[in-house]
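Data block below; observations after.
Numbering (our numbering), first residue to last: 236 to 583.
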């Protein structure tokens with residue numbers, strides 16, 4: 236006798252099966268999308284008119300001049316872009332936010348700026364601490380793709396709420412600090428990001444982000460070749476409460492330590508004892524063998540200077556100058572984790 240099952244039933248069985256695997260989370264969807272599946276300009280004002288239009292056009296021309304390099308970085312970062320896009324969708328945020336690390340870190344996990352911002356989302360220590368990212372001598376969660384992404388998306392979501400549902404102000408604040416942007420709004424009496432007294436770097440940052448979104452939506456028009464959505468290895472994460480030894484994890488699975496640390500530059504020590512939430516990321520491809528006797532002196536990834544990359548996609552952030560609230564002494568500043576209502580002036 237043959238049994239037939241509906242697609243919904245099979246999907247339910249698959250979800251139940253995944254729940255039975257402790258600690259394992261698949262970070263790549265089985266659904267095969269493409270760049271054309273997403274509207275990258277969604278939730279952002281397009282076309283840009285007024286004082287910001289020429290700046291965005293200028294950045295579009297700049298990105299087209301960097302066509303070869305941008306196409307290479309997209310292709311090399313595709314596994315991470317695919318995963319971050321899924322996290323963005325889960326939070327019902329604009330999909331374009333998944334491309335923000337391109338202009339923050341060129342989607343590098345192992346970079347630190349001269350201002351002290353680190354990881355793919357270039358989180359400053361104070362911001363990371365606000366969103367419970369662990370930072371110790373043995374482990375710095377700002378370099379962890381899962382932990383940094385959770386914090387960055389929470390911060391961006393909070394900034395969106397704080398600045399009255401305005402994504403351009405939220406992006407400006409992510410670059411320059413919410414204190415500086417709030418002060419500019421209060422002093423300028425406008426919510427138009429292009430009319431505010433903000434650092435040049437911040438205006439270029441917002442313009443480059445919008446230019447990139449337009450370029451992705453009109454890739455064929457510009458002769459821009461986008462990578463296949465499913466290109467590259469599938470990223471997975473192992474999250475075992477109370478277990479933070481990258482060395483032990485690698486030895487149990489016969490994975491070379493240099494391969495394990497490639498996706499996990501957050502580890503400063505192979506066996507940190509002072510943290511308990513250390514998601515381990517690994518690729519879906521076959522890892523090279525790792526003889527146990529070679530693990531006595533494991534090789535960990537060292538942070539690389541962001542400025543030393545000389546990557547044309549990057550803009551030195553203004554946040555290094557002011558990550559606080561710009562010396563503001565306003566009463567009842569909201570808790571960043573409370574998602575309180577923004578001030579009336581900032582309401583749409």
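We treat Cβ as the ideally placed atom computed from N, Cα and C, and that holds for glycine.
| query | result |
| --- | --- |
| Inter-residue Cα distance where the pair is residue 344 and residue 317 | 15 Å |
| Residue 584 and residue 462 closer than 8 Å at C-beta | This structure leaves residue 584 out entirely; the chain is present only between 236 and 583. |
| Assumed close pair residue 329, residue 342 - CB separation to whole angstroms, cut-off 8 Å | Their Cβ separation, rounded to whole angstroms, is 18 Å, which puts residue 329 and residue 342 out of contact at 8 Å. |
| Beta-carbon contacts of residue 514 that lie in its chain and below 6 Å, excluding the five residues immediately before and after | 381, 472, 474 |
| Proximity below 8 Å, CB of residue 407 to CB of residue 291 | no |
| For residue 540, three-class secondary structure by DSSP | strand |
| Between the CA atoms of residue 307 and residue 301 - distance to the nearest angstrom | 10 Å |
| N-terminal and C-terminal residue of the alpha helix (DSSP H) that residue 488 is part of | 481–488 |
| Beta-carbon proximity of residue 544 to residue 346, cut-off 8 Å | yes |
| Reference residue 457; option with closest CA among 272, 299, 273 | 299 |
| Of the residues 309, 480, 373, 293, the one placed nearest residue 454, counting alpha carbons only | 309 |
| Whole-angstrom C-beta distance between residue 414 and residue 509, which should lie under 8 Å | With 8 Å as the limit, residue 509 and residue 414 do not qualify as a contact, their Cβ atoms being about 31 Å apart. |
| Cα-Cα separation, residue 315 to residue 340 | 13 Å |
| At least 3 beta-carbon pairs within less than 8 Å: the segment 269–277 vs the segment 423–432 | no |
| Three-state class that DSSP yields for residue 426 in the structure shown | coil |
| Residue 395 classed as buried or exposed, judged by whether at least 16 other C-beta atoms fall within 10 angstroms | buried |
| C-alpha distance - residue 536 paired with residue 452, whole-angstrom precision | 35 Å |
| DSSP bridge partner residues for residue 518 (one or two, in chain order) | 470 |
| Cα-Cα separation between residue 369 and residue 285, rounded to whole angstroms | 43 Å |
| 8 Å CB neighbourhood of residue 327 in its chain, flanking five on each side removed | none |
| Distance, residue 422 Cα to residue 431 Cα | 9 Å |
| Residue from 491, 439, 417 with nearest C-alpha to residue 398 | 417 |
| Distance between residue 419 and residue 468 (C-alpha atoms, nearest Å) | 44 Å |
| Residue 374 - partner residues in DSSP beta bridges | 502 |
| Residue 338 and residue 459 closer than 8 Å at C-beta | no |
| Option in 385, 409, 546, 477 with minimal Cα separation from residue 438 | 409 |
| For residue 439, the three-state DSSP class (helix, strand or coil) | helix |
| From 465, 295, 303, 487, residue whose alpha carbon lies closest to that of residue 271 | 465 |
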